[in-house]
Structures are given as structure tokens and as C-alpha cells.
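Scroll down for the structure; my scribbles are underneath it.
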Amino acid sequence: MAIASAFLFSPAAPADFQISIENGTPVARTEALAQTVAMVQFKGGGWCSSTFLSSRTLLTAGHCAEKKKAADLTITLQNKDGSWEQRSAATLTPHPQYSHTVGWNQTHYIRNDVAIITLSAPFSFPVRTIKLTQAPALMAAGQWQAITDAGYGYSRPGAGGTVLRRGSMEGRVTAIEAFEQRLGLDQRKNAANQNA
Numbered sequence: 000m001a002i003a004s005a006f007l008f009s010p011a012a013p014a015d016f017q018i019s020i021e022n023g024t025p026v027a028r029t030e031a032l033a034q035t036v037a038m039v040q041f042k043g044g045g046w047c048s049s050t051f052l053s054s055r056t057l058l059t060a061g062h063c064a065e066k067k068k069a070a071d072l073t074i075t076l077q078n079k080d081g082s083w084e085q086r087s088a089a090t091l092t093p094h095p096q097y098s099h100t101v102g103w104n105q106t107h108y109i110r111n112d113v114a115i116i117t118l119s120a121p122f123s124f125p126v127r128t129i130k131l132t133q134a135p136a137l138m139a140a141g142q143w144q145a146i147t148d149a150g151y152g153y154s155r156p157g158a159g160g161t162v163l164r165r166g167s168m169e170g171r172v173t174a175i176e177a178f179e180q181r182l183g184l185d186q187r188k189n190a191a192n193q194n195a
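Here numbering that gives the first Met the number 0 is used: the first residue of the sequence shown is 0, the next is one more, and so on.
In C-alpha cells form, the structure reads like this:
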């Protein structure tokens, strides 16, 4: 299973967990993963990764939405032919129970680290989507398993941040259905299924 970041999974070593993907393997633009993971760029600099749930809906980390508005985001994706396209965000919805606190020793505690981005318009070329509900079928809830993650990260500190890279880590599935209900994704899926 590939996903843009570890935000649906509990990291194997929370104290040592890094939110960047360092030293991963570059993903070729012709691979399916390259049309599944998009870059989210911020006005003023910086970026995050996101994963397509539909042609206009993306999942990203909640800390990427912290103190941001939809107007602050540009979503960038590379087509198989090497061309790049950008789209603006129509909405940015962090998890309603997202929290980010800093402890006395400067340790960051982030809970419910997920957000939904809705694009103003779909990309002109096909994207590949993931289904959140695939995860429980593939991995027994609560059991640690190897997963593949992908995102725009560093090849080394200070270099290569705009390169899509894949890596692997240990993770476990958390309560996806509850998350879908809180953000209304279950209602969107039902509506999409009725219109299909």
C-alpha cells in the first residue's frame, strides 16, 4: 500500500519520527505513484504532499493546514509526459479535532494529523486515487506491518525537496471510518456511488 505520508498510521517510534521523507528512492514520472501523490505549495514558501481520494479531493497532513487558508495553497502534479500543471484549492478542511502542542522539552505532539483539500478544478490528465477503506482490508487494525510511503522530501538536508520519493516504514491502521464520518467523506462516497 502506498500513501503520501504516514498520517493514517501510527509511527513505529513516535519519539524519533520525522515528518519529512529523507533518502527515499525517486519515483519515475511514468509510475502510477507519480499520479497519486501531488505537491502542495504554500504562498511564502514550503510544501507538503497529498494523496488523491478523487479527481478533486486530496488527503494531506493536518499540520499542512495549520494557520493556512485554501487561498494559500497551490497543488502541483506532473503528468507522465513530463509536463506540470497547477491547481488552486477551493477548500481546506483540517480534522475537527486536530491539535498541535509543544511540550516543555520542545517535543511536538500532533493528534488527528489529517486534512482534506478540494481543488477548484480537476487536472486535465487522469490522476490515480486511493480508497481509504482499502487499508483495513489489507492490514489488520492494530497490527504493525511494513508500508510504503511517498512524498516530496529531501535527498539530504537542504536539497531535493521537490523530488517525489518513496520509502518504507512500519505502521498500523488507525480508525479510518471514524475519520471519514467526521469529515463527511462517507456522505460524499455515498453520493458519488448513487450518481455513478
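Think of the CB as a built atom: it goes at the ideal place given N, C-alpha and C, for glycine as much as any other residue. Please read all numbers here as calculations on a predicted model, not as lab measurements.
In the three-state reduction of the DSSP assignment, Q85 falls in the strand class, which pools E and B. Within its own chain, the residues whose Cβ lies closer than 8 Å to the Cβ of T161, once the five positions on either side in sequence are excluded, are M38, W46, Y151, listed in chain order. Closest in C-alpha terms to T56, from the list H107, K42, S119, S167, comes S119.
Exposed is the label assigned to T29, since fewer than 16 other Cβ atoms lie within 10 Å of its Cβ. Shown here, A120 sits in coil according to DSSP, grouped into three states, outside any helix or strand. Sorting K42, T75, K66, W103 by C-alpha distance to the C-alpha of S48 places T75 at the top. The residues A145, I146, T147, D148, in chain order, have a CB closer than 8 Å to that of S167 in the same chain once the five nearest residues on each side in sequence are set aside.
For D80, the three-state secondary structure derived from DSSP is coil.
Secondary structure at L163: strand, using DSSP grouped into helix, strand and coil. Annotated three-state conformation of Q96 is coil, per DSSP. In the DSSP annotation of this structure, the continuous segment of the beta strand (DSSP E) that includes R110 starts and ends at 107-110.
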